[in-house]
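Asks: Okay, so the sequence shown: first residue is 49 according to my numbering, each after it adds one.
Cβ atoms here follow ideal geometry from the backbone N, Cα and C, with glycine treated the same way.
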Amino acid sequence: MTAKNFIFFSCLVILVTTMINIGSQKMRNNYSFSQSYQEQSTSVNLSLSDLESPCILSISSSKSETQLTIEISLNDQLIKSFTGHDNRMDLSPYLTAGQQRILISGNYSPSNASIKIKLQGKNTYINQEIAGTGQLRQQLIFNIQ
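(1) For Ser91, does the three-state DSSP call read helix, strand or coil?
(2) Is it buried or exposed for Ser129, if we count other Cβ within 10 angstroms and need 16 for buried?
(3) Between the C-alpha atoms of Lys74 and Ile174, what's the straight-line distance to the nearest angstrom?
(4) Over the uninterrupted beta strand (DSSP E) stretch that includes Glu194, give me the two end residues.
(5) Quick one, are the C-beta atoms of Ile120 and Ile163 less than 8 Å apart?
(6) Which residues in the same chain have their Cβ closer than 8 Å to the Cβ of Ser101, if we skip the five residues on either side of it in sequence?
(7) What number of angstroms, rounded off, separates the C-alpha of Ser91 from the C-alpha of Glu113?
(8) Around the Cβ of Thr131, are there at least 16 other Cβ atoms within 10 angstroms (buried) or fewer (exposed)?
(9) Here's the rule: buried if 16 or more other CB atoms are within 10 angstroms of the residue's CB, otherwise exposed. What is Phe81?
(10) In three-state terms, what does DSSP make of Glu100?
(11) Since I believe Ile127 is in contact with Leu184 (beta carbons under 8 Å), could you give me their beta-carbon distance rounded to a whole number of angstroms?
(12) Output the boundary residues of the beta strand (DSSP E) element that contains Lys111.
(13) Report all residues from its chain with a CB closer than 7 Å to the CB of Tyr142; omit the five preceding and five following residues, and keep chain order.
(14) Decide if Ala161 is buried, meaning its Cβ has at least 16 other Cβ atoms within 10 Å, or exposed.
(15) Is it buried or exposed for Leu96, if we count other Cβ within 10 angstroms and need 16 for buried?
What follows is the structure, given as structure tokens:
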């Protein structure tokens, strides 16, 4: 690999990483990402008072013809299953003090579709977009005090 190619590739990686994070940070949210077939992990810091308002998780596709099958688990216990292209649920009733782990997993077709995951609450707004593999695995780690 030539020096020009290395610099170009490095800039491309930085650009893609920056685009993923645009609009994703607000208030007290911390992020860490790991990649293994579209796997991401996001840490969210909340106070108990934040949970007095709805904390809406939205999972949708950019096209209505996209087939989406999703399971939502809290601390390894299934709490909701979705099919369709536009799905929402309020996480507030499920979250308590301490560390809580929400796992969003599933499949979508066609595999080149774009999937949007949003989390919106009193002091939180996370907006992420995933595309390319047909598999989805997103982990939200809530630290609630």
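Replies: Here's the rundown:
(1) Residue mapping note: residue 91 aligns to position 43 of the sequence shown, counting from 1. DSSP places Ser91 in the strand class (E or B) of the three-state scheme.
(2) Working through the sequence shown from its first residue, we reach residue 129 at position 81. Under this definition Ser129 is an exposed residue.
(3) Looking up residue 74 in the sequence shown gives position 26. Looking up residue 174 in the sequence shown gives position 126. Residue placement at Lys74 cannot be trusted, given a pLDDT of 41 that sits under 50; what the coordinates show is reported in the next sentence. Those two C-alpha atoms are separated by around 8 Å.
(4) This structure gives no information on residue 194, because the portion of the chain shown stretches from 49 to 193.
(5) Start at 1 with the first residue of the sequence shown, and residue 120 comes out as number 72. Start at 1 with the first residue of the sequence shown, and residue 163 comes out as number 115. No; because the gap between Cβ atoms is not below 8 Å, this pair is not in contact.
(6) Along the sequence shown, one-based indexing puts residue 101 at 53. Excluding residues within five positions, the ones whose Cβ falls inside 8 Å are Ser140, Gly169 and Lys170.
(7) Here residue 91 is taken as the residue at index 43 of the sequence shown, counted from 1. Here residue 113 is taken as the residue at index 65 of the sequence shown, counted from 1. Each residue's Cα considered, the two are about 31 Å apart.
(8) Translated into the one-based positions of the sequence shown, residue 131 becomes position 83. By the Cβ-count criterion, Thr131 is exposed, with fewer than 16 other Cβ atoms from all chains shown falling within 10 Å of its own Cβ.
(9) Position 33 of the sequence shown, counting from 1, holds the residue named residue 81. Note on Phe81: pLDDT 42, under 50, position unreliable in the model; no value is reported.
(10) Within the sequence shown, numbered from 1, the residue matching residue 100 stands at position 52. Per DSSP, reduced to three states, the secondary structure at Glu100 is helical.
(11) Counting from one through the sequence shown, the residue named residue 184 turns up at place 136. Counting from one through the sequence shown, the residue named residue 127 turns up at place 79. Leu184 to Ile127, Cβ: 16 Å. No contact.
(12) Position 63 of the sequence shown, counting from 1, holds the residue named residue 111. Looking at the DSSP string, Lys111 is not in any beta strand (DSSP E), and its letter there is neither H nor E.
(13) By 1-based counting over the sequence shown, the position of residue 142 is 94. For Tyr142, where only same-chain residues beyond five positions count, the Cβ hits under 7 Å are Leu122 and Ile127.
(14) Position 113 of the sequence shown, counted from the first residue, corresponds to residue 161. Classification for Ala161: buried.
(15) By 1-based counting over the sequence shown, the position of residue 96 is 48. By the 10 Å Cβ count, Leu96 comes out exposed.
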